[in-house]
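Engineer:
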Amino acid sequence: MPGNDGLLVRGGGGGGGGGVASPAPLGAVLFLTACFSAVVEQRTTAGSLVGAPLLSFGIFCVLSNLNLVPATHSVYDLCWSFLLPLSLSTMILGIRVVAVGEERRPDLNLLGETSGERSSWQGLAGPMGRVGLSFLIGAVGSIAGVAASFRVATTSGGWAVSLPRGTAAQLAGVITASYIGGSVNLFAVASFVGMVGVKLAGGSSLLGALAAADIFLMSVYFSFLVAAHKAPFLCRVFPGPGAPSSAVLQQPDGIGEANQPNAVAATPGWRELFGSTAANISTLLTIGSAICFFGNAVARRSPLPGTSTMAITLLTVGATRVLTRLAPGFQARLSRTAPFVATLLLNVFFCSVGASGRWVEVVSVAPAIFMFAALALAVHIAVMAAGAAVLNRFFGAGLGLDDITVASNANIGGPSTAATFAGLLGKDDLVVPAAVWGTVGYAIATTLGVGVWTILR
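Heads up: the sequence shown is residues 129 to 585, going by our numbering.
#1: CB-CB under 8 Å to A447, same chain, minus the five flanking residues each way: which ones, in chain order?
#2: For the alpha helix (DSSP H) containing M499, name the first residue and the last one.
#3: Please report the distance separating the alpha-carbon of F422 from that of L473.
#4: Evaluate R453 with the Cβ neighbour count: other Cβ atoms within 10 Å of its Cβ, from every protein chain shown; 16 or more gives buried, anything less gives exposed.
#5: Out of W487, S306, L177, which one is the CA nearest neighbour of N193?
#6: If I follow the unbroken alpha helix (DSSP H) through P153, where does it start and stop?
#7: Take I540 as the anchor and find which of T441, S262, A425, A514 has the nearest alpha-carbon.
#8: Just to confirm, does F421 get its C-beta within under 8 Å of one of the non-hydrogen atoms of the ligand HEM?
#9: Let me make sure I understand the geometry here. Which of L264, P431, N424, L314 has the alpha-carbon closest to that of L442?
#10: Going by alpha carbons, who is nearest to V289 out of G257, P543, M499?
#11: Starting from C363 and walking both ways along the alpha helix (DSSP H), at which residues does that stretch end?
#12: Does the separation of the CB atoms of F185 and F468 fall below 9 Å?
#13: For G309, collect the residues of the same chain with a Cβ closer than 6 Å to its Cβ; drop the 5 residues on either side in sequence, then sort them by chain order.
#14: In the DSSP assignment, the alpha helix (DSSP H) including D205 goes from what residue to what residue?
#15: Would you kindly report the start and end of the unbroken alpha helix (DSSP H) that includes S463?
#16: Per DSSP, what kind of secondary structure is R429 in: helix, strand or coil?
#17: State whether the segment 512–524 contacts the segment 541–558, with contact taken as three or more CB pairs (one from each stretch) at a distance under 8 Å.
#18: At which residues does the alpha helix (DSSP H) containing L221 begin and terminate?
#19: Quick one: what does DSSP say S311 is sitting in, helix, strand or coil?
#20: Could you give the DSSP three-state label for S536: helix, strand or coil?
#21: Between the Cα of V312 and the Cα atoms of V476, L154, I343, L291, which residue gives the shortest distance?
#22: Can you pull the DSSP bridge partners for S209?
#23: What did DSSP end up calling S306 once you bin it into helix, strand or coil?
#24: Assign S351 to one of three DSSP states: helix, strand, or coil.
#25: Give the secondary structure of S290 by DSSP, where H, G and I count as helix, E and B as strand, and everything else as coil.
#26: Give me, in chain order, the residues of the same chain whose beta-carbon lies closer than 7 Å to that of V178; leave out the 5 immediate sequence neighbours on both sides.
#27: Return the residue from the list I497, A296, Y307, A470 that minimises the CA-CA distance to A535.
#28: State yes or no: is the C-beta of F159 within less than 9 Å of the C-beta of V476?
#29: For the putative contact between S587 and P153, defined by C-beta atoms under 8 Å, what is the C-beta separation to the nearest angstrom?
#30: So what does S333 bridge to, in DSSP terms?
#31: Since I believe L412 is in contact with A341 (beta carbons under 8 Å), could you give me their beta-carbon distance rounded to a whole number of angstroms?
#32: Using a Cβ-Cβ cutoff of less than 6 Å, which residues in the same chain neighbour G403 once the five nearest sequence positions on both sides are dropped?
#33: What number of angstroms, rounded off, separates the C-alpha of L328 from the C-alpha of L334?
#34: Just the C-alpha distance for N408 and S417, rounded to the nearest angstrom, thanks.
#35: Excluding sequence positions up to five away, which residues of its chain have a Cβ less than 8 Å from the Cβ of L182?
#36: By how many angstroms is the C-alpha of F458 removed from the C-alpha of G577?
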């Protein structure tokens with residue numbers, strides 16, 4: 129499932145699967161669910177443990193499987209192509225790089241390093257190096273997962289998971305590309321290996337069945353990443369370099385305080401939040417939309433694939449630096465508004481992801497293809513965790529849970545989802561590395577996918 133860099137079109141102008149089909153009511157339901165999830169997270173103990181993104185995902189997944197909302201719709205595509213990069217842009221705009229009279233926050237530089245890390249961390253060169261190493265482990269895990277799936281599919285005899293060797297080789301190449309650089313590579317490799325137009329025994333399209341399985345697995349995978357940061361065990365196993373482990377998903381500044389029961393009196397009221405900050409919200413969305421427009425324009429003229437997220441990230445970082453230097457008061461006001469806007473947009477995005485999770489339809493169409501992709505994804509996750517644990521234990525790599533999950537997201541989802549996920553974690557210094565390595569994945573995944581297909585066919 130790509131973001132703005134390679135939109136996986138899941139529907140036309142209307143919806144697929146019944147339920148609310150008109151764009152306006154569906155959009156209203158999306159934002160209502162996003163707001164409801166945010167309120168539940170802030171006001172209830174159970175909601176704070178689960179988190180608003182996972183609540184949004186789960187609610188829309190249930191609504192979709194009950195056929196109350198469509199599984200595919202152009203509104204969902206808009207969430208991927210516009211709201212996701214816009215949430216990334218607004219999130220970075222809210223980072224207070226230098227606050228006068230306050231302690232300096234981690235600076236957003238191209239390497240994602242802080243000055244403290246440069247002097248104290250003697251291993252990898254800061255977040256850029258840690259995310260890069262994790263990304264490499266994830267790429268190896270994706271190839272290992274595809275190899276395992278190919279082995280099972282071609283040696284399982286008459287089981288439901290068995291596939292002809294030629295078809296299994298095609299799937300191996302396509303999934304390799306998708307699980308290293310995002311789904312935009314899926315269609316490029318599918319065309320190269322001749323998967324387009326191939327029909328299954330029941331008359332369904334092989335590529336369509338794989339795309340459906342990919343969409344469903346990505347929705348489950350994204351929710352898994354969010355849930356992983358709620359697991360104290362994983363936070364203890366992968367604490368990161370010189371940082372205390374955290375058992376809760378971090379929110380951008382200005383959001384976490386509102387979730388604390390003792391901070392209710394310090395939070396702004398409804399009049400202040402939606403009245404005096406209305407101009408800030410409008411300005412924030414205007415600047416973010418303009419940056420997304422120019423970032424996409426730069427990407428269209430770039431010879432490298434999947435560069436829009438990188439362009440948007442760098443443009444936003446530059447704009448944040450300029451605002452901090454020339455108008456620190458204005459940027460400070462934006463930093464108070466940005467977390468609210470970015471979190472709401474992310475909740476809407478997770479709603480659209482949850483709508484794709486129609487497990488009955490995916491499993492019933494082509495169980496062998498679904499199991500092929502699911503096993504590859506499971507092995508990727510296992511190799512990522514095991515590889516990071518080994519490097520930390522014996523080589524002192526210092527790979528934290530944040531580094532691992534952001535890099536895995538860059539492998540599977542691409543730069544848009546990875547960079548936005550880093551912002552969701554409150555890890556400002558991982559945003560640029562996520563965009564960089566996600567873009568690297570886009571650039572190399574097609575070649576690797578074709579290579580795997582050539583070897584296995």
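Yeah, the Cβ is synthetic: ideal placement off N, Cα and C, and Gly gets one too.
Structural biologist: Let's see:
#1: L221, I415, I419
#2: 495–523
#3: 20 Å
#4: exposed
#5: W487
#6: 151–171
#7: S262
#8: In terms of ligand content, the structure shown is empty, and the ligand HEM therefore cannot be addressed.
#9: N424
#10: M499
#11: 360–365
#12: no
#13: G569, Y570, A573
#14: 202–206
#15: 456–483
#16: coil
#17: no
#18: 212–221
#19: coil
#20: helix
#21: I343
#22: Note: S209 sits in no beta bridge, so no partner.
#23: helix
#24: helix
#25: coil
#26: none
#27: Y307
#28: yes
#29: Only positions 129 to 585 of the chain appear in the structure, and residue 587 is not among them; the question remains open.
#30: K327
#31: No, A341 and L412 are not in contact; Cβ-Cβ is about 37 Å, not under 8 Å.
#32: Confidence at G403 is low in this model, with a pLDDT of 44, below 50, so the placement of that residue should be treated as unreliable; the coordinate-derived value is given next. Cβ neighbours of G403 beyond the five flanking positions: none.
#33: 6 Å
#34: 14 Å
#35: S351, V354, A355, F478
#36: 47 Å
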